[in-house]
Amino acid sequence: MPTNEQGLSVSMVGQLKESLVQLSGEIHHMIHTLDTKETSILNEFDEIHHLFNRVQVSTASYYLKTYLAPFTDQFEVLSKAIQHLSERNHGALIAIQRNDNLDAHIHSGVPIHAELTAPLLEAIFYTGNPLHDGAVLISKNKLTSAANVLPLSRHKIDDKKLGTRHRAALGLSEETDALVLVVSEETGRATFALNGSLLPIRTNGLS
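By UniProt numbering, the letter at position 118 of the sequence shown is numbered 118, and the numbering carries on one by one without gaps.
See below:
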């Protein structure tokens, strides 16, 4: 898990408590009805699974903003771009430089040095764009370069569904403190990698 986590806000603590109380209630109800349940309990397990996932994803989305805040003012731009890319199932790989210099860890792509905007990010990752296969590098509020090649994770990954983008995101996050955003081309799901961990985020609740 990522380290040096900052504390949760009062409102976020309230939301988490409410969600966890609901989750706890579902579990206790399931326990008390086990002896009298005559039908399959798979639906109850499925509901608990979905509730837990919502809590995890909501918390990860909160921390994403917290992790990025000291290093870029363009969180709203990033969240808008990620949401649009996710809706269209356009694969994306976006590395945000934090404290560590990344020059020794990536194979440089095409220099851009432009102001970071959502339309620019979306255009780069539009299918058919020659730059869309590599990673975009963001430093502070600038889109520094595109079509960068990131190091793949050296660790064994049990999830065989993870593609090259996710392995590259994990790889850079294992070697540096960079935060790497990923959008899956297959599912449209968005995740971020930090300190060798890959966490899902809720694209419709980032901003």
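Backbone N, C-alpha and C fix where the C-beta goes; we use that ideal spot for every residue, glycine too.
A95 vs L172 beta-carbon contact at 8 Å: yes
Neighbour-count burial assignment, V57, 16 or more Cβ in a 10 Å radius: buried
Member of E47, S86 and M12 whose CA lies at the smallest distance from the CA of Y63: M12
Reduced DSSP secondary structure (H/G/I, E/B, other) of L131: coil
Start-to-end residues for the alpha helix (DSSP H) that takes in E44: L42 to L68
Closer than 7 Å: V182 CB and nearest the ligand FAD heavy atom: Absence of the ligand FAD is noted for the structure shown, with no ligands found whatsoever.
6 Å CB neighbourhood of N4 in its chain, flanking five on each side removed: Below a pLDDT of 50, predicted positions are generally treated as unreliable, and N4, at 46, falls in that range; the measurement from the model is reported next regardless. So no residue of the chain qualifies.
The region 110 to 121 / the region 136 to 145 touching (three or more Cβ pairs under 8 Å): yes
Neighbour-count burial assignment, A104, 16 or more Cβ in a 10 Å radius: exposed
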